[in-house]
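Shown next, in structure tokens, is the structure this report addresses.
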Amino acid sequence: MRKLALSDEILMQIEKPARYIGNELNSVVKDDTSQIRFAMCFPDVYEIGMSHLGIQILYDMFNRREDTWCERVYSPWPDLHKIMKEQNIPLFGLESQEPIKNFDFVGLTLQYEMCYTNILQILDLAQIPLLSADRGDEDPIILGGGPCSYNPEPIADFFDCFYIGEGETQYDTFLNLYKSMRASGQYSRKAFLHEAAKIEGIYVPSLYEVRYKKDDTIAAFTPVYDDIPATIKKQVDMDLTGSVYPEKPVVPFIKATQDRVVLEIQRGCIRGCRFCQAGMIYRPNREKGVKRLKELAQTMLASTGYEEISLSSLSSSDYSDLEELINFLIEECDKKHVNISLPSLRIDAFSLDIMQKVQDIRKSSLTFAPEAGSQRLRNVINKGLTVDNILTGSHDAFVGGWNKVKLYFMMGLPTETLDDVAGIVRLAEKIIDCFFETPNRPKGKMVQISISCATFVPKPFTPFQFEPQVEQEELLKRQEHLLSCIQPRHRKKIKVSWHTYEISRLEAVLARGDRRLSTVIEKAWRSGSKFDSWSECFHYEIWEQAMSECGLDPAFYANRIRAYDEVFPWDHLDYLVDRAFFVRENQKAHDAKTTPHCRSACAGCGINRKLGRNCF
């Protein structure tokens with residue numbers, strides 16, 4: 009019988025003990041003599057990690073191998089963290105409850121820069137040396153993957169290797185190499201990493217040297233050996249319909265952030281918003297066949313017992329067979345009394361009609377993401393959304409019974425002026441006017457506009473990777489101007505909220521940082537930083553002190569303009585989109601010129617040339 013790693017006494021002391029006991033529905037338990045033991049870690053709390061689709065896919069894919077047992081690991085919340093340190097309890101896998109320091113691999117999903125200190129929390133609690141250089145042959149291989157592997161340099165010192173791109177393509181080759189080297193008796197950490205670096209998509213940081221110029225920018229990245237590639241190519245799964253997908257996803261004991269069946273309908277996006285990293289790094293747009301989606305929906309609902317199903321996509325409205333899929337789900341889910349969640353829909357007549365049919369959301373808010381207050385600035389970011397689009401959608405929504413509208417914006421976008429900021433309020437006022445001009449609007453209700461403003465964070469592999477982040481003083485000036493533009497008669501109808509600037513600034517530092525930031529991250533962690541993505545746990549002063557002690561200036565990473573020919577910390581990684589395309593798009597942004605979406609005209613981003621085939 010499986011023995012829990014935590015005693016009943018400990019479980020009774022901590023918040024939500026179900027986070028740590030495993031044995032959930034559809035979790036996989038195998039013989040602990042499996043040839044490869046893999047700990048799949050999400051560096052955040054259980055409820056968030058259990059909602060991550062990527063881990064569910066890899067967990068299912070790895071466990072289909074007879075020689076591999078993949079288990080799940082999440083960051084212990086501070087209450088358990090304290091007890092584990094005091095009682096010297098090593099971090100364990102949920103399925104076996106055994107210490108992950110005895111596994112072959114510890115894989116960490118890098119979803120968000122603000123989780124970087126939690127990586128060190130996991131390694132420390134697991135009793136694994138923090139630095140790759142300090143690990144021996146008996147320590148597990150520490151592997152990173154996920155969205156933040158677009159620029160892994162700030163955390164390079166902590167990882168043995170990174171998987172660049174989508175895991176469905178090369179993980180079998182990677183694991184087979186490890187298995188064969190172990191079986192032949194030729195295994196050593198150094199030898200394995202050298203051979204792994206030859207696999208397309210595998211990046212081993214220790215095998216690349218970085219040189220800096222006198223101005224602290226990068227001079228060059230150079231491979232240590234001639235037989236490993238100078239550039240690591242992103243892996244792309246071009247057959248989503250035939251690729252592995254979890255038909256029996258693990259169902260958590262407690263409510264997760266995404267407490268529903270998740271149906272991935274496509275990857276990538278055709279839209280080309282210039283600030284959006286996901287829209288660039290997940291290119292090209294690929295759809296999953298509607299027949300396969302129908303089969304998955306039925307199978308997953310039956311295997312989980314969930315009462316809701318959600319479509320996963322960067323832009324669900326762009327899925328070619330959306331109407332057929334939705335009609336099928338409406339019929340199928342109505343029979344099973346299952347709700348349907350439809351995120352990432354453009355608000356048009358079709359979408360509103362569908363939302364009326366599938367769920368009672370009249371009491372919730374309708375959401376638009378104009379991102380910018382003026383049409384000029386929306387052209388700068390290539391948003392592809394006009395005031396007419398928004399007002400038409402609002403009118404149709406008011407007729408349909410909605411009276412609450414959420415508007416998402418970014419402040420500090422390239423070329424933004426105070427007039428663009430005032431445009432945020434002007435747009436909100438036009439929506440209010442639209443409400444009162446709609447004769448058959450909801451009776452007895454007042455229109456409510458919620459404006460949420462995030463701070464623009466320039467990200468790698470986007471046309472705005474060259475741009476500076478706005479300084480705090482300037483951002484405060486723009487925020488004050490926005491508030492001053494709201495007319496007294498509208499102040500009860502318009503609510504405004506901001507994101508914390510300090511978190512956005514640190515995100516910008518880590519997103520575009522280089523390898524020297526590893527020492528900063530370690531210092532911040534040793535000073536108590538963890539769960540930085542949680543506002544109640546975030547302490548910016550710790551990071552300021554760490555940067556100062558390391559002789560590094562946050563402004564160098566976050567607040568300066570970067571030249572088109574500067575060598576970036578991520579330039580040795582090939583995410584298949586040409587740098588020349590990003591330069592062209594940046595220049596067009598400064599001219600406020602738009603680029604059509606991918607289905608209407610090819611913008612020449614280069615990905616079809618590198619894949620050797622057309623995107624569509």
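Under my numbering, the first residue of the sequence shown carries the number 9, and numbering increases by one thereafter.
Here a beta-carbon is modelled for each residue, glycine too, at the ideal position from N, C-alpha and C.
Because the structure is a prediction, the values reported are computed rather than measured.
Whole-angstrom distance between residue j and residue i, CA atom to CA atom
| i | j | result |
| --- | --- | --- |
| Phe-182 | Ser-328 | 35 Å |
| Ala-380 | Glu-79 | 43 Å |
| Lys-263 | Ile-338 | 24 Å |
| Ile-369 | Phe-200 | Confidence at Ile-369 is low in this model, with a pLDDT of 43, below 50, so the placement of that residue is unreliable and no value is reported for it. |
| Lys-90 | Lys-531 | 19 Å |
| Leu-185 | Ala-204 | 7 Å |
| Ala-227 | Glu-217 | 11 Å |
| Arg-568 | Pro-562 | 10 Å |
| Lys-596 | Ala-588 | 12 Å |
| Asp-16 | Trp-533 | 30 Å |
| Leu-133 | Ile-44 | 22 Å |
| Ile-389 | Ser-83 | 36 Å |
| Leu-309 | Gln-95 | 41 Å |
| Asp-245 | Glu-482 | 43 Å |
| Gly-280 | Ile-240 | 24 Å |
| Val-433 | Leu-301 | 41 Å |
| Thr-3 | Gln-477 | Because the chain spans 9 through 624 in this model, residue 3 falls outside it and cannot be assessed. |
| Arg-617 | Phe-590 | 16 Å |
| Cys-284 | Arg-294 | 18 Å |
| Gln-473 | Glu-557 | 27 Å |
| Ile-22 | Leu-88 | 6 Å |
| Leu-399 | Pro-604 | 22 Å |
| Asp-267 | Ser-318 | 10 Å |
| Gln-119 | Ile-207 | 23 Å |
| Lys-371 | Lys-221 | Note on Lys-371: pLDDT 47, under 50, position unreliable in the model; no value is reported. |
| Arg-592 | Pro-471 | 8 Å |
| Glu-515 | Ser-543 | 13 Å |
| Pro-447 | Lys-453 | 13 Å |
| Leu-139 | Val-528 | 13 Å |
| Pro-468 | Tyr-233 | 27 Å |
| Asp-356 | Asp-404 | 8 Å |
Same chain only: Cβ atoms within 7 Å of residue i, ignoring 5 sequence neighbours per side
| i | result |
| --- | --- |
| Ile-334 | Ile-362 |
| Asp-586 | Cys-613, Gly-614 |
| Leu-393 | Pro-378, Arg-386 |
| Ser-352 | Ser-321, Leu-322, Ser-323, Ser-324 |
| Lys-344 | Leu-309 |
| Phe-100 | Ala-13, Glu-106, Pro-107, Ile-108 |
| His-498 | Glu-437, Ile-440 |
| Val-298 | Asp-329, Glu-332, Leu-333 |
Exposure label - residue i; buried when at least 16 CB within 10 Å
| i | result |
| --- | --- |
| Thr-425 | exposed |
| Tyr-314 | buried |
| Gly-30 | buried |
| Thr-508 | exposed |
| Tyr-54 | buried |
| Gly-627 | Shown here, the chain extends from 9 to 624; a query on residue 627 therefore has no answer. |
| Arg-219 | exposed |
| Val-455 | buried |
| Asn-622 | exposed |
| His-60 | buried |
| Pro-496 | exposed |
| Tyr-6 | The structure shown does not extend to residue 6, since the chain is modelled only from 9 to 624, so the question has no answer here. |
| Leu-33 | exposed |
| Arg-72 | exposed |
| Arg-10 | exposed |
| Phe-677 | The first residue shown for the chain is 9 and the last is 624, placing residue 677 beyond what the model contains. |
Sequence-distant residues of the same chain with beta carbon closer than 6 Å to residue i, five excluded per side
| i | result |
| --- | --- |
| Leu-19 | Pro-25 |
| Phe-576 | none |
Contacting residues, own chain, Cβ-Cβ under 8 Å from residue i (five flanking each side not counted)
| i | result |
| --- | --- |
| Ala-286 | Pro-155, Cys-277, Leu-322 |
| Phe-443 | Ser-402, Phe-406, Asn-411, Arg-449, Val-455 |
| Arg-197 | Arg-143, Gly-144, Asp-145, Asp-147, Ile-149, Asp-168 |
| Gln-178 | Tyr-171, Ile-207, Glu-208, Gly-209, Ile-210, Gln-243 |
The ligand MG heavy atom lying under 8 Å from the CB of residue i
| i | result |
| --- | --- |
| Ile-459 | Among the components of this structure there are no ligands whatsoever, and the ligand MG is therefore not found. |
Minimum Cβ-Cβ distance from residue i to chain D less than 9 Å
| i | result |
| --- | --- |
| Arg-197 | Checking the listed chains, one finds no chain D in this structure; it contains a single protein chain. |
**beta strand (DSSP E) segments (min. 3 residues) lying fully within the region 501 to 539** = 502 to 506
**Request:** Taking 8 Å as the threshold, find out whether the region 411 to 429 comes into contact with the region 381 to 401 through three or more Cβ pairs.
**Result:** yes
**Prompt:** Is there contact here, the region 576 to 584 with the region 266 to 286, by at least three beta-carbon pairs under 8 Å?
**Reply:** no
**Asked** So, do the region 252 to 259 and the region 59 to 79 have three or more beta carbon pairs nearer to each other than 8 Å?
**Response** yes
**Message:** What ranges does the alpha helix (DSSP H) occupy inside the region 425 to 449, keeping only unbroken runs of at least 4 residues that lie completely in it?
**Reply:** 426 to 444
**Message:** List, from N- to C-terminal side, the beta strand (DSSP E) runs of 3 residues or more that fit wholly inside the region 110 to 147.
**Reply:** 113 to 117
**Prompt:** Does the pairing of the region 299 to 317 with the region 602 to 622 give three or more beta-carbon distances under 8 Å?
**Reply:** no
**Request:** State whether the region 150 to 170 contacts the region 511 to 526, with contact taken as three or more CB pairs (one from each stretch) at a distance under 8 Å.
**Result:** yes
**Request:** Go through the region 21 to 108 residue by residue and report every complete run of the beta strand (DSSP E) that reaches 3 residues or more, in order.
**Result:** 44 to 50, 76 to 82
**Prompt:** Taking the runs of the beta strand (DSSP E) that are 3 residues or longer, which of them lie wholly in the region 332 to 357?
**Reply:** 347 to 349
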